[in-house]
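Asker: Residue numbers (the UniProt record's numbering), protein chains in the order written: chain P, 1 to 352; chain Z, 1 to 352. By construction, the Cβ of each residue, glycine as well, lies at the ideal position given by its N, Cα and C atoms.
Number of protein chains: 2
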Amino acid sequence: MYGRIRQINKAAKTESGPSVAIVGVTGAVGQEFLRVLKERDFPYSNMKFLASARSAGKPVEWDGNSYTIEELTEDSFGGVDIALFSAGGSISKKFAPIASDAGCTVVDNSSAFRMTEGVPLIIPEVNADHLKGHKAGKGGIIANPNCSTIIALMAVTPIHRAAGVKRMVVSTYQAASGAGQAAMDELEQQTREVLDGKPPTQNIFPFQYAFNLFSHNAPMQENGYNEEEMKMVKETHKIWRNPDVAITATCIRVPIMRAHAESINLELDNELSEDDAESILKEAPGVSIINDRAANRFPMPLDASHNDDVYVGRIRRDISRSDCKGLDLFVCGDQIKKGAALNAVQIAELLL
Amino acid sequence: MYGRIRQINKAAKTESGPSVAIVGVTGAVGQEFLRVLKERDFPYSNMKFLASARSAGKPVEWDGNSYTIEELTEDSFGGVDIALFSAGGSISKKFAPIASDAGCTVVDNSSAFRMTEGVPLIIPEVNADHLKGHKAGKGGIIANPNCSTIIALMAVTPIHRAAGVKRMVVSTYQAASGAGQAAMDELEQQTREVLDGKPPTQNIFPFQYAFNLFSHNAPMQENGYNEEEMKMVKETHKIWRNPDVAITATCIRVPIMRAHAESINLELDNELSEDDAESILKEAPGVSIINDRAANRFPMPLDASHNDDVYVGRIRRDISRSDCKGLDLFVCGDQIKKGAALNAVQIAELLL
Numbered sequence: 001m002y003g004r005i006r007q008i009n010k011a012a013k014t015e016s017g018p019s020v021a022i023v024g025v026t027g028a029v030g031q032e033f034l035r036v037l038k039e040r041d042f043p044y045s046n047m048k049f050l051a052s053a054r055s056a057g058k059p060v061e062w063d064g065n066s067y068t069i070e071e072l073t074e075d076s077f078g079g080v081d082i083a084l085f086s087a088g089g090s091i092s093k094k095f096a097p098i099a100s101d102a103g104c105t106v107v108d109n110s111s112a113f114r115m116t117e118g119v120p121l122i123i124p125e126v127n128a129d130h131l132k133g134h135k136a137g138k139g140g141i142i143a144n145p146n147c148s149t150i151i152a153l154m155a156v157t158p159i160h161r162a163a164g165v166k167r168m169v170v171s172t173y174q175a176a177s178g179a180g181q182a183a184m185d186e187l188e189q190q191t192r193e194v195l196d197g198k199p200p201t202q203n204i205f206p207f208q209y210a211f212n213l214f215s216h217n218a219p220m221q222e223n224g225y226n227e228e229e230m231k232m233v234k235e236t237h238k239i240w241r242n243p244d245v246a247i248t249a250t251c252i253r254v255p256i257m258r259a260h261a262e263s264i265n266l267e268l269d270n271e272l273s274e275d276d277a278e279s280i281l282k283e284a285p286g287v288s289i290i291n292d293r294a295a296n297r298f299p300m301p302l303d304a305s306h307n308d309d310v311y312v313g314r315i316r317r318d319i320s321r322s323d324c325k326g327l328d329l330f331v332c333g334d335q336i337k338k339g340a341a342l343n344a345v346q347i348a349e350l351l352l
Numbered sequence: 001m002y003g004r005i006r007q008i009n010k011a012a013k014t015e016s017g018p019s020v021a022i023v024g025v026t027g028a029v030g031q032e033f034l035r036v037l038k039e040r041d042f043p044y045s046n047m048k049f050l051a052s053a054r055s056a057g058k059p060v061e062w063d064g065n066s067y068t069i070e071e072l073t074e075d076s077f078g079g080v081d082i083a084l085f086s087a088g089g090s091i092s093k094k095f096a097p098i099a100s101d102a103g104c105t106v107v108d109n110s111s112a113f114r115m116t117e118g119v120p121l122i123i124p125e126v127n128a129d130h131l132k133g134h135k136a137g138k139g140g141i142i143a144n145p146n147c148s149t150i151i152a153l154m155a156v157t158p159i160h161r162a163a164g165v166k167r168m169v170v171s172t173y174q175a176a177s178g179a180g181q182a183a184m185d186e187l188e189q190q191t192r193e194v195l196d197g198k199p200p201t202q203n204i205f206p207f208q209y210a211f212n213l214f215s216h217n218a219p220m221q222e223n224g225y226n227e228e229e230m231k232m233v234k235e236t237h238k239i240w241r242n243p244d245v246a247i248t249a250t251c252i253r254v255p256i257m258r259a260h261a262e263s264i265n266l267e268l269d270n271e272l273s274e275d276d277a278e279s280i281l282k283e284a285p286g287v288s289i290i291n292d293r294a295a296n297r298f299p300m301p302l303d304a305s306h307n308d309d310v311y312v313g314r315i316r317r318d319i320s321r322s323d324c325k326g327l328d329l330f331v332c333g334d335q336i337k338k339g340a341a342l343n344a345v346q347i348a349e350l351l352l
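1) Given a cut-off of 7 Å, decide if L213/P and I252/P are closer than it, judged by their beta-carbon atoms.
2) Using the Cα positions of T122/Z and E283/Z, report the straight-line distance between them to the nearest angstrom.
3) Please name the residues in the UniProt domain "Semialdehyde dehydrogenase NAD-binding" (19 to 134) of chain Z whose beta-carbon is closer than 7 Å to at least one beta-carbon of chain P, in chain order.
4) Quick one: residues in its chain with C-beta nearer than 7 Å to the C-beta of R114/P, no 5 flanking neighbours on either side, listed in chain order?
5) Can you give the Cα-Cα distance for H306/Z and H160/P, rounded to whole angstroms?
6) Closest Cβ-Cβ distance between A304/Z and chain P: below 7 Å?
7) Cα separation between N317/P and T157/Z?
8) In angstroms with no decimal places, state the Cα-to-Cα distance between residue 359/P and G103/P.
9) Name, in chain order, the residues that DSSP records as bridge partners for I252/P.
10) With burial defined as no fewer than 16 other Cβ atoms inside 10 Å of the residue's Cβ, what is the status of P243/Z: buried or exposed?
11) For a contact meaning CB atoms closer than 7 Å, what does D328/Z contact in chain P?
12) So, does the stretch 24 to 37 of chain Z touch the stretch 331 to 339 of chain Z, judging by three or more C-beta pairs under 8 Å?
13) From the DSSP output, in three-state form, read off N146/Z for me.
14) From which residue to which residue does the beta strand (DSSP E) around P59/Z run?
15) For E125/Z, verify whether its CB is less than 6 Å away from any heavy atom of the ligand SAM.
16) Would you report the Cα separation of K94/Z and D101/Z, rounded to the nearest angstrom?
17) Rounded to whole angstroms, what is the Cα-Cα separation between A11/Z and G64/Z?
18) Among E61/Z, M184/Z, E262/Z, which residue has its Cα nearest to the Cα of T250/Z?
19) Roughly how many angstroms lie between the CA atoms of I247/Z and E267/Z, to the nearest whole one?
20) Need the endpoints of the alpha helix (DSSP H) that G30/P sits in, please.
21) Under 6 Å Cβ to Cβ from K238/Z, same chain only, skipping five residues before and after it: list those, please.
22) Over the uninterrupted beta strand (DSSP E) stretch that includes E262/Z, give me the two end residues.
23) Would you call the CB atoms of T105/P and K132/P closer than 7 Å?
24) Which whole-angstrom value describes the C-beta separation of A210/P and Q190/P, a residue pair presumed to lie in contact below a C-beta threshold of 8 Å?
25) Determine which residues share a DSSP beta bridge with V156/P and list them.
26) Alpha helix (DSSP H) containing R192/P: first to last residue?
27) Nearest chain C C-beta to S171/P closer than 7 Å, yes or no?
28) Would you please verify whether the beta carbon of N265/Z is less than 7 Å from any beta carbon of chain P?
29) So what's N242/Z in DSSP terms, helix, strand or just coil?
30) Measuring straight from C-alpha to C-alpha, what distance separates G286/Z and E71/P?
31) Since I believe G57/P is in contact with E274/Z (beta carbons under 8 Å), could you give me their beta-carbon distance rounded to a whole number of angstroms?
32) Would you decide whether P206/P is buried or exposed? Buried here means 16 or more other CB atoms lie within 10 Å of its CB.
33) Could you name the residues that DSSP lists as bridge partners for P43/P?
34) Does the distance from the CB of P299/P to the CB of L187/P come in under 7 Å?
35) So A261/Z contacts chain P; which residues on that side make the cut at Cβ distance below 7 Å?
36) What are the boundary residues of the beta strand (DSSP E) that S288/P is part of?
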């Protein structure tokens, strides 16, 4: 009951499709790539699963065929048109340029190249136009933004386009999945242990996570913000091509499995009523509204879990301002899906 | 492992102490009254435990003596100097005035009288001076603020005094305890059920609470804010005697047992460096600092659970502003203790 997994289609194996490689197939996002490619009938002529030497040789059943995981090497990318990377920053740093040089277009889920000049940082619903010129089989690296950034900007960009976002104050409620499958397993194990009155196992996080929460474990910067928070600031500036948007973020991990929530306060350049904001969000691609005040029903992580959309609610005029230039929102999105695998596959679709 | 309960002293039974009544002794806050009175060596000459007819007749062992719970009636308060009420708003509405008329001074934990003119709304560390004239045995009603308000203002008031808080954006991470013992029990039961793959029992909340979070279940207002959020706004105005402070709040329930967390963004009238803010908070009564950037160690609900202090960390200059008039904080406080029972007992101490 960490959310319901829906029925899966088949991917579209076709000779006219690209040759695809998945780098880091054994991780939580890697596994989600497999599901999302099938859900979206992603066309492919050939599929290759790459991972570390430790996982090489293991079998993978996917889309009606049997595969063997191959070891990721410098020679892995000959003839590959698109590679989806999710094996951590250092793997990306080393192998994404090698893949690109071999003519493979890389969609990278790590933070390695996000802020690199010339590397597009893409949320398809937000800034697909920044992809200009990039195509499968032509080389190049495209970066997938940080999950918290994607989930926030899916909801905030339509508002930004309508009324101009001047300043954003964000507090996050982030799921275990952002730290990988091992973190999700640890949360489950710890929860069992705490319920049984046993001391909680702490391998991934240095704190008890079950029935607790803590400041995001990303490295702390000089300015007192952690890297996760600074990603939200810098990536938003790049994605919106607007370094003037003022952003402060506080990123917190909560004992939830796989969907992030974010409480977002916006200061706008121009007046926007809450009704107009809701109408705009209703039309926004990839956004669903759950905003039933009468029933006190708003987005929850379980609504978003295993689903594609970012859910938005608590849409209201900010009463701390006398004008209509303030707005509060609460959003939820699946961290593994729209926050990672789905967004990357959507980018791959744009490259075809 | 929902936090460690510390060693308990004895209360101070003494003929010179006041005659005390606890109304709603069987609830989570009522039970905490019993602990806090002992922890603080609260002086008393006589103790009376009052509850509904359903609980009347049940035995209570407390401070070395055996008591029997008495039914709360209109005649319960003769000769009682101080009554600590925590039995819900409708009980307070009916019985607090009766107690007051009988010469009993009421410290009320419900929201019934918080905004009533002439009823002081007190956080002892913040506005003890508003109690002026009130004394045990003289009648009158003193209101205990809402838990989220208390926890926020313990940290924010010292900053407000130093630099003036102009605007506050708060997002809360609220524990089950705010909805009572039954909610804590349901969270535990649901968590077991979810881990066992069973559908979660939903008696208290209409949603799955285990491994999930949701907008606070307080009734929704016309303006799209729920009552919990509006309490933070209105109670702060009353406690600070300053209706001009601009506040917006988003209140969220997270699957935590008994301590609330709050992410607070402040806009100040005057510049204040983060070092000065930390120094001010270090000196603040009832506040502890956990702000170790090098170790990425900041307040967590488990730090606050069963403890008196409000814990403050993530103290940093708000980078969304070019001046030094913005500050971000993250605070945790035990909802049952400083958010309710402890604050009420501290008020009672001021009445002696």
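Answerer: Walking through what the data contain:
1) Taking 7 Å as the Cβ cut-off, I252/P and L213/P qualify as a contacting pair.
2) Note on residue identity: the sequence assigns Ile, not Thr, to residue 122/Z. Near 20 Å, if we compare the C-alpha coordinates of E283/Z and I122/Z.
3) Answer in chain order: no residues at all.
4) Around R114/P, the same chain offers L121, A143, P145, E235 as residues with beta carbons nearer than 7 Å, after the five sequence neighbours per side are excluded.
5) Between H306/Z and H160/P, the C-alpha separation is close to 44 Å.
6) Not a single CB atom of chain P sits nearer than 7 Å to the CB of A304/Z.
7) The amino acid occupying residue 317/P in the given sequence is Arg; Asn does not appear at that position. Distance between the alpha carbons of R317/P and T157/Z is about 26 Å.
8) Residue 359/P lies beyond the stretch modelled for chain P, which goes from 1 to 352, so this question has no answer here.
9) Beta-bridge annotation (DSSP): I252/P is paired with S215/P.
10) That one is exposed.
11) Per Cβ cutoff of 7 Å: T248, T250.
12) Segments in contact, yes.
13) Correct three-state label for N146/Z: coil.
14) Per DSSP, the unbroken beta strand (DSSP E) holding P59/Z starts and ends at 59 to 62.
15) Although the ligand SAM was asked about, the structure shown includes no ligands whatsoever.
16) Rounded to whole angstroms, K94/Z to D101/Z spans 12 Å at the Cα level.
17) If you draw a straight line from the Cα of A11/Z to the Cα of G64/Z, it is about 10 Å long.
18) Out of E61/Z, M184/Z, E262/Z, the CA that lies nearest to the CA of T250/Z is found in E262/Z.
19) Their backbone Cα atoms lie some 10 Å apart in a straight line.
20) Membership of G30/P in the alpha helix (DSSP H) is indicated by the continuous run 28 to 39.
21) Taken in chain order, the residues that qualify are L121.
22) For E262/Z, the enclosing beta strand (DSSP E) starts and ends at 259 to 268.
23) Cβ distance not < 7 Å, so T105/P and K132/P don't count as in contact.
24) The Cβ separation is near 4 Å, so the contact holds.
25) In the DSSP output, where bridge partners are listed per residue, V156/P has none listed.
26) Residues 181 to 195.
27) The structure shown contains no chain C; its protein chains are P and Z.
28) Interface criterion met: the Cβ of N265/Z is under 7 Å from a Cβ in chain P.
29) Look at N242/Z here: in three-state DSSP terms it is coil, with no helix or strand label.
30) Cα-Cα distance, rounded: 57 Å.
31) Between E274/Z and G57/P a beta carbon distance of about 52 Å is seen, past the 8 Å cut, so the two are scored as non-contacting.
32) Label assigned to P206/P: exposed.
33) For P43/P, which the question treats as bridged, DSSP gives the partners A12/P.
34) Taking a C-beta distance under 7 Å as the contact criterion, P299/P and L187/P do not qualify as a contact pair.
35) Here the neighbours are L213.
36) Note, S288/P: beta strand (DSSP E), 287 to 289.
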